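My numbering puts the first residue of the sequence shown at 169, with every later residue one more than the last.
We treat Cβ as the ideally placed atom computed from N, Cα and C, and that holds for glycine.
All values reported here derive from a predicted model rather than from experimental measurement.
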Amino acid sequence: MPNLKLSYLNFRFLAEPARLILHYSGVNFEDERLNFNTWDSVKQTSPFKTLPILTINGNQQIGQSMTINRYLAKKYKLNGKTEMEDIHINCIAEYFREMMEKARPFIRFMNRGIGEGTKEEIYQKYQVPNVKTYFPVIVQLLKQSKSGFFADSGITWIDFFISEYVDSIQNLDPELAKQFPELLEHSLKVHSLPQLQNYLKSRKHTTW
């Protein structure tokens, strides 16, 4: 089994799906939490000058969150069970990633306080419209599944990815999140998985 280190800042966001994949799969790994000062000092040695970074056996690095998720999902059998199911999962992932990209100004403000306007102004301009546009489609995709997860075969990495983002929306704006009860139910289902309980009980609460 490879030696794994997952490096990210001390909140959930882009690294948490990978953390959940690893904990769900019972994989021991180093969960390195950086602060902005230490990150700035190591940025120059990272593959893409971004976080998270997955280091394998001390010398191989993967430097994009979606690629990390897909690598771990394939390795620990949390991808689609057929070629078409895997394509379906990846289509959902890219659609969801598109929403996150459009919300980047708000995410940047949440992470580093960078942006023009107040938190509420940036939130209303960038995050709320995205959620109201994209979440209804995600709800329909969930309803089409026979398993209660996004894939008919059961739990896959996309469930960790989406449930974590839904959790963040619930933390930020409970009234907005309540408009999508199916996604709240799905998030609760994912976060109630027995394999995750030890980690979740000790996890520091962060809004994002």
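- [ ] Out of Asp327, Glu200 and Gln229, state which residue places its alpha-carbon closest to the alpha-carbon of aspartate 254.
- [x] What you label residue 254 is simply residue 86 of the sequence shown in a count that begins at 1. Cα-wise, what sits closest to aspartate 254 is Asp327.
- On a CA-only basis, which of Val334, Leu361, Thr206 and Val195 is nearest tyrosine 302? Give me that one, please. Here residue 302 refers to the residue found at position 134 when the sequence shown is read from its first residue. Nearest option by C-alpha distance: Val334.
Under the rule that 16 or more other beta-carbon atoms within 10 Å means buried, what is isoleucine 236, buried or exposed? Taking the sequence shown and counting its residues from 1, the one referred to as residue 236 is at position 68. With 16 or more other Cβ atoms within 10 Å, it is buried.
Practice task
Using the Cα positions of isoleucine 221 and leucine 174, report the straight-line distance between them to the nearest angstrom.
Solution key: The residue given as residue 221 occupies position 53 in the sequence shown. The residue given as residue 174 occupies position 6 in the sequence shown. When rounded, the distance between both Cα atoms is 6 Å.
**Request:** Under the assumption that tyrosine 244 contacts serine 193 (Cβ atoms under 8 Å), give the Cβ distance between them as a whole number of angstroms.
**Result:** In the sequence shown, residue 244 corresponds to position 76, counting from 1. In the sequence shown, residue 193 corresponds to position 25, counting from 1. Indeed, because the Cβ distance is near 4 Å, the residues count as touching under 8 Å.
In terms of alpha-carbon separation, which member of Asp208, Ser214, Asn205 and Asn171 lies closest to aspartate 199?
Locating residue 199 in the sequence shown gives position 31, counting from the first residue. Here the closest residue by C-alpha is Asn171.
Report the residue from Gly285, Ile260 and Leu190 whose alpha carbon sits nearest the alpha carbon of glutamine 308. Within the sequence shown, the letter at position 140 stands for residue 308. With distances taken between Cα atoms, glutamine 308 lies closest to Ile260.
### Task
Please go through the same chain and pick out, in chain order, the residues whose beta-carbon is closer than 7 Å to the beta-carbon of asparagine 357, but skip the five residues on each side of it.
Stepping through the sequence shown from its first residue, residue 357 is reached at position 189. Contrary to the premise, residue 357 reads as lysine rather than asparagine in this sequence. Closer than 7 Å at Cβ, skipping near neighbours: Gly316.
Quiz item: Going straight from the alpha carbon of threonine 324 to that of proline 342, what length do you get?
Solution: As a working note, residue 324 is residue 156 in the sequence shown. As a working note, residue 342 is residue 174 in the sequence shown. Taking the straight line from one Cα to the other gives about 26 Å.
What residue range does the alpha helix (DSSP H) around tyrosine 263 cover? On the sequence shown, residue 263 is found 95 positions in, with the first residue counted as 1. Unbroken alpha helix (DSSP H) run through tyrosine 263: 251-270.
Exercise. Hey, how far is the Cα of glutamate 284 from the Cα of phenylalanine 277?
Worked result: Walking along the sequence shown from the start, residue 284 turns up at place 116. Walking along the sequence shown from the start, residue 277 turns up at place 109. Straight-line Cα distance between these residues: approximately 9 Å.
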